[in-house]
Structures are given as structure tokens and as C-alpha cells.
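Enquirer: Counting from 1, one number per residue, gives the positions in the sequence shown under full-length UniProt numbering.
C-beta atoms are modelled at their ideal positions from N, C-alpha and C, and glycine is treated no differently.
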Amino acid sequence: MTDEATTTTTASTTQAPESASSSTSGSSRLAPFIALGIAVVMIGLLVLLVGAEPDSGPTADFEVRPAPEAVGTLDDGTPFDLSRRKGSYVVLNFFTSDCVPCIQEHPELIEFVDQQAQLGTDGAEFYSVVVGDTPERVERFFDERGGDWPIIYSEADEFSVAFGVAAVPETWVIDKEGIIRARFISRVTAEGLSVTVQQLREAFG
């Protein structure tokens with residue numbers, strides 16, 4: 001009886017390392033699949049972020065930097081020099097009259113401009129910057145859709161080139177010191193712009 005018990009104990013002891021080895025081997029085999037699963041999740045998250053609604057907040061990579069020197073002519077013929085607008089928050093919306101997202105966001109811009117007007121001198125200045133379009137078409141755009149704020153034209157689209165605008169619409173927010181603080185690609189909303197400007201005021205004055 002003693003010999004049998006000893007034999008049984010020995011067998012159990014020798015099986016333990018095999019079990020541990022088997023477990024380690026199984027984990028090793030699973031590791032590539034776990035890594036693949038994590039990669040799929042991360043890629044899916046990235047797709048969701050890239051494909052998110054552009055009007056949910058500032059998007060696109062940009063460095064916080066002084067706004068470029070940019071000059072143009074307003075729709076009433078007045079020269080416009082961006083560097084002279086320091087002391088006020090400035091919102092620049094780059095657009096083209098036949099751009100579908102530009103047309104879609106236009107009511108939101110009207111609402112935003114009205115909101116800022118109610119703030120008096122604390123409100124942000126808003127400008128539309130024309131990209132690759134004619135005064136006649138732009139004027140017709142505003143006649144049909146409303147909106148009453150300054151429109152900037154520039155020789156050979158130098159204004160948009162100075163900012164490195166990739167596609168319209170794009171909207172940029174510049175603080176009182178002339179520093180670029182936010183950039184929106186594609187459509188924006190009145191709420192999104194208002195919240196952004198307010199947060200920047202609270203952070204930078």
C-alpha cells in the first residue's frame with residue numbers, strides 16, 4: 001500500500017510541470033490573436049475618430065502659432081490687413097459659393113454672427129474668405145441665403161495660401177494676440193464655434 005501511494009504521488013508531481021508547460025504554450029499560441037484583436041480595435045477607433053462629425057470640435061493638426069501676414073480687399077473695396085485686427089477674436093471662414101458643405105453650414109454661420117453681435121465689443125469678428133470664386137457668384141450666394149458680414153478677397157487666393165487651407169470650408173479662430181488657437185475642417189455649427197471662442201477667452205483672455 002505504501003508503494004502504491006508513493007507511486008501515485010510521484011505521478012501527480014511529474015504531471016504538474018507538463019500542465020504548466022501546456023498552459024504557457026497555449027498562452028503563447030493565443031498571444032498573436034490577442035495582439036491582432038487589439039490592433040483591430042485600435043484601427044476601428046481611429047476610423048471612428050477620423051470619420052467623426054467635423055462640427056464636433058476643432059480638428060486637423062496645426063501648431064499654435066502667430067497668424068500669418070495676410071492682406072486682402074473687403075467686398076466694399078476697403079483694404080484688409082489681418083495684423084491690424086489684434087485686440088479682438090477673429091474667426092475666418094474660407095469658402096466657395098458652390099461648395100456643398102459651405103452651403104450646408106451657412107445657416108449656422110448666420111446664427112453664430114448674430115450671437116456674437118449680441119455680445120457687443122466682446123463678440124468675435126467674423127469674416128468669410130473667398131477661395132477661387134468671383135465677386136458676382138459670391139454676391140448671388142449671399143443674396144439667396146442671407147448673411148451680412150465682411151467678405152475678404154485676395155489676389156490669386158494669397159490669403160488662403162498663407163494659411164495653408166487644404167479644402168473648403170475651413171474655419172480658423174485667432175485670439176486677441178494674433179495667435180491661431182483653433183482650426184475646423186469641413187462644416188461647423190454655431191454652438192461649436194461659440195463654445196470654442198468662449199473657452200479660448202476663459203483660457204487666454
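For Thr171, I'd like the list of residues in its chain whose CB is within less than 6 Å of its CB, leaving aside the five on either flank, ordered along the chain.
Expert: Correct list, in chain order: Asn93, Phe184 and Val188.
Enquirer: How far does the beta strand (DSSP E) with Val91 in it reach, from first residue to last?
Expert: Looking at the DSSP string, the run of the beta strand (DSSP E) that includes Val91 is Val90 to Phe95.
Enquirer: Rounding to the nearest angstrom, what Cα-Cα distance links Ser154 and Val91 in this structure?
Expert: Rounded to the nearest angstrom, the two C-alpha atoms are 17 Å apart.
Enquirer: Quick check on the DSSP output: the beta strand (DSSP E) that includes Ile174 runs from which residue to which?
Expert: From DSSP, the beta strand (DSSP E) with Ile174 extends over Glu170 to Ile174.
Enquirer: Strictly by DSSP, which residues pair up with Ala182?
Expert: Looking at the DSSP assignment, Ala182 forms a beta bridge with Val173.
Enquirer: Comparing alpha-carbon positions, which option in Glu158, Gly178 and Ala166 lies nearest Asp70?
Expert: Reading off the sequence shown, one finds Ala at residue 70, where the question assumed Asp. Residue Glu158 is the option with its Cα nearest to Ala70.
Enquirer: Count the other CB atoms, across all protein chains shown, that sit within 10 Å of the CB of Ser186; report buried if there are 16 or more and exposed otherwise.
Expert: Looking at its Cβ environment, which holds 16 or more other Cβ atoms inside 10 Å, Ser186 is buried.
Enquirer: According to DSSP, simplified to helix, strand and coil, what is Val138?
Expert: Val138: helix per DSSP, three-state reduction.
Enquirer: Helix, strand or coil for Asp81 per DSSP?
Expert: Reduced to three states, the DSSP call for Asp81 is strand.
Enquirer: From the DSSP output, read off the bridge partner residues of Ser154.
Expert: Partner(s): none; Ser154 has no beta bridge.
Enquirer: Restricting to Cα atoms, I'd like to know which of Val197, Gly146 and Leu200 is closest to Glu105.
Expert: Closest option to Glu105, Cα to Cα, is Gly146.
Enquirer: Could you tell me which residues DSSP puts in a beta bridge with Pro66?
Expert: Paired residue(s): Ile179.
Enquirer: Quick check on Val165: does DSSP put it in helix, strand or coil?
Expert: In this structure, Val165 counts as coil in the three-state DSSP scheme.
Enquirer: Give the DSSP-derived three-state secondary structure of Thr189 in the structure shown.
Expert: Reduced to three states, the DSSP call for Thr189 is coil.
Enquirer: Please name the residue, chosen from Thr134, Pro135 and Phe112, that lies closest to Ala124 on a Cα-to-Cα basis.
Expert: Ranking the options by Cα distance to Ala124, first place goes to Phe112.
Enquirer: On a CA-only basis, which of Thr196, Tyr89 and Gly132 is nearest Thr121? Give me that one, please.
Expert: Per the Cα distances, Tyr89.
Enquirer: Assuming the contact rule is C-beta atoms closer than 8 Å, Val129 and Thr96 should be a hit. Round their C-beta distance to whole Å, please.
Expert: That belief does not hold up - the Cβ atoms of Val129 and Thr96 are roughly 10 Å apart, past 8 Å.
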